[in-house]
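Below you'll find the structure, written out as C-alpha cells, and then a few comments.
Number of protein chains: 2
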Amino acid sequence: MHTSQIGRPRGFDAEAALEKAMMVFWAQGYEGASLTDLTEAMGISRKSLYAAYGNKEDLFRKALQRYAEGPGAYVTEALQAPTAREVAMAFLAGSARANTLPGLPAGCLGVQGALAAGETGRVARDVLAEWRAHGQELLRDRFRQAVEAGDLPAGADPEKIARYVMTIANGVAVQAAGGATCEDLQQVADAALQNWPPA
Amino acid sequence: MHTSQIGRPRGFDAEAALEKAMMVFWAQGYEGASLTDLTEAMGISRKSLYAAYGNKEDLFRKALQRYAEGPGAYVTEALQAPTAREVAMAFLAGSARANTLPGLPAGCLGVQGALAAGETGRVARDVLAEWRAHGQELLRDRFRQAVEAGDLPAGADPEKIARYVMTIANGVAVQAAGGATCEDLQQVADAALQNWPPA
DNA sequence: CGCATTCAACACCGATCGGTGAAGAAATTT
DNA sequence: AAATTTCTTCACCGATCGGTGTTGAATGCG
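From first to last, the protein sequence lines stand for chains V and R.
Counting from 1, one number per residue, gives the positions in the first sequence under the working numbering.
Counting from 1, one number per residue, gives the positions in the second sequence under the working numbering.
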C-alpha cells in the first residue's frame, strides 16, 4: 500500500458501497446474496468489487466489520456503562433498537448472516459464530470486572450472566427477523432484567 | 390417490428418507442444502425425490413437519403441563435439550433453516417465520387460558409472556448453533424464569 | 508528454444450481 | 402370462453460481 496514489483513482465511494453490501448480506444472508445482487446494490462492476475488496468472503468480513462499527456499535457503547446492570440494560435496549431500525433490514447480521450453511458458506458461518462468541466474552470480562469492583455479588458467575444476556439478545434478533417491533422487544428486555443479577 | 396400489411400489422408506432430508436442511439451511446433498443423504435419486415429495420447497415443508413431530415435539408436550409456569419451564427445558441432541445438528431447524434468504429461499423463510409465529400463538393461547383459570394474575398479558418465553427459546437456538451445551442453556432457562410471571 | 494504474463494460470460464426426458427393469393388477 | 404402472438410473436442460480475461478510455504521477 503506497501513500501516494498512482493511476486513476476509483470512481466510487468504497465506504458507501460497503454499506450497501452490508445491507444485502444482512437481508439475504451470505449464501443468499449473489454477486449480481451485491454489485447491483453497490453500483459497481464485478471487476471493481474484486479489485477493491478481494473475493466474496473478504467482502463479507469487511461488511461485518462495518456492521459492528455502524448498527452494531451499541455493543461497545453499552460496555462502557458504569454498572453491570446498566451495561446489561443498555446492551439489550440497544439490541432491541438496532434490530428494528427503520429503513434497514430487520434482525442482526451476526445472527442471520449465516446461522446454518452449506459448503460454500461454512467460512462465513464460522466467522459469525466467532464474532458472537467474542461479543459474549466482552460482556463476561465486563461482568468479571464488576464482581471485582463489588458491583456484582462475590458469588456471581460472570460467564453465566454474559451467556444469559447474550441469549436474550440472540432471541431478540430472531424475533425482529420475524417482525417484532422495538417496543415489543424492549418489553422483553425489561422482563429479562427484572431480577438482577440473574440467579 | 387410490387405495389399491397399481404398479411397482417404491423401493425406499419414505419416512426414513424424509428424516435424512430434515437433517440436511437443519444443518445447512434451505439455500445451503443442494439437491445433491439431499439425494446423497437420503440415498435416492433425483427422480425418486421429485416423485415422492414434489419439489425442493415441498420437501422442505414436509421436513419441517417431520421436525415438529420429532425433535420439536417438546412444544406440544410442554403446552399440556398443568400450570403456566410449568408450561414455560417444560418449554424452555425442552428447547435446551432439543437444540443440543447428540448426533443431530445443533440448534433449531425453525430458526436456522432460513432466517435470511435470497430470492430462491424466500418461501422457505416465510414458512419458518409463520411456523415460529404459530408456536408463539399456541403459548399465548395457553397463557390466556391460565389467566382465565386464575393460574396467572388477572392483569397478566398473555401475548407479552408468550413473546418473552419464545424469545428465550429463540436465543437458546442461536446459542446452541454456536456450541453452547444443554447444561449452559438450562441455566439460562432457569434464570429467565426466576421471577414468574415476567413483569 | 508518457508511464502506470484503475476505471467501466462485457464476454466468458468451469462448476453447480433446481428440475426433466428417455429408457428399461420390476412389481402389481386382471 | 399380458397389461399397466411406477420404479430406478443416467444423461441432459437452461440458468445461475463465483470468479476472470480483455479491451479501451480515463486519470493520476513523474
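Think of the CB as a built atom: it goes at the ideal place given N, C-alpha and C, for glycine as much as any other residue.
Owing to the predicted nature of the structure, the values given are computational and were not obtained by experimental measurement.
query	result
With a cut-off of 8 angstroms, do at least 3 Cβ pairs link the segment 154-171 of chain R to the segment 82-95 of chain R?	yes
With a cut-off of 9 angstroms, does the C-beta of residue 164 (chain R) fall near any C-beta of chain V?	yes
Is it the case that the Cβ atoms of residue 90 (chain R) and residue 78 (chain R) are separated by a distance below 9 angstroms?	yes
Within the chosen definition, does the segment 114-124 of chain V reach the segment 135-149 of chain V through at least 3 CB pairs nearer than 8 angstroms?	no
Pick helix, strand or coil for residue 8 (chain V), following the three-state DSSP scheme.	coil
How would you label residue 80 (chain R), buried or exposed, when you count the other beta carbons within 10 angstroms and need 16 or more for buried?	exposed
Going by Cα to Cα distance, which pick from R:53, R:130, R:15 is closest to residue 66 (chain R)?	R:15
Quick one: give me the first and last residue of the alpha helix (DSSP H) that residue 201 (chain V) is part of.	In the structure displayed, chain V extends from 1 to 199; residue 201 (chain V) sits before or after that span and is not available.
Can you tell me where the alpha helix (DSSP H) holding residue 141 (chain V) begins and where it ends?	122-148
Can you tell me where the alpha helix (DSSP H) holding residue 35 (chain R) begins and where it ends?	35-42
Can you give me the Cβ contacts of residue 140 (chain R) inside the same chain, cut-off strictly under 6 angstroms, excluding the 5 residues immediately before and after it?	158, 159, 162
Given this structure, state the Cα-to-Cα distance separating residue 20 (chain R) from residue 175 (chain V), to the nearest angstrom.	28 angstroms
Which chain V residues sit within Cβ distance under 8 angstroms of residue 115 (chain R)?	29, 107, 111, 112, 115, 174, 177
Starting from the beta carbon of residue 118 (chain V), find every residue of chain R whose beta carbon is closer than 8 angstroms, and list them in chain order.	28, 29, 31, 32, 33, 34, 37
Can you pull the chain V neighbours of residue 71 (chain R), defined as C-beta to C-beta under 8 angstroms?	By Cβ distance, chain V contributes nothing, its closest Cβ being about 15 angstroms from residue 71 (chain R), past 8 angstroms.
So, at 8 angstroms on beta carbons, what are the nonlocal neighbours of residue 23 (chain V) in its own chain, with the 5 sequence-adjacent residues on each side left out?	41, 104, 105
Among the candidates V:156, V:114, V:191, whose CA atom is the shortest distance from the CA of residue 178 (chain R)?	V:114
Go to residue 48 (chain V), then tell me how far its alpha helix (DSSP H) extends in each direction, as first and last residue.	46-53
Leaving out the 5 sequence neighbours to the left and right, which residues in its chain are closer than 6 angstroms to residue 151 (chain R) when beta-carbon positions are compared?	83, 84
Where does residue 83 (chain R) fall in DSSP's three states?	coil
May I ask you to report which of helix, strand or coil DSSP gives residue 70 (chain R)?	coil
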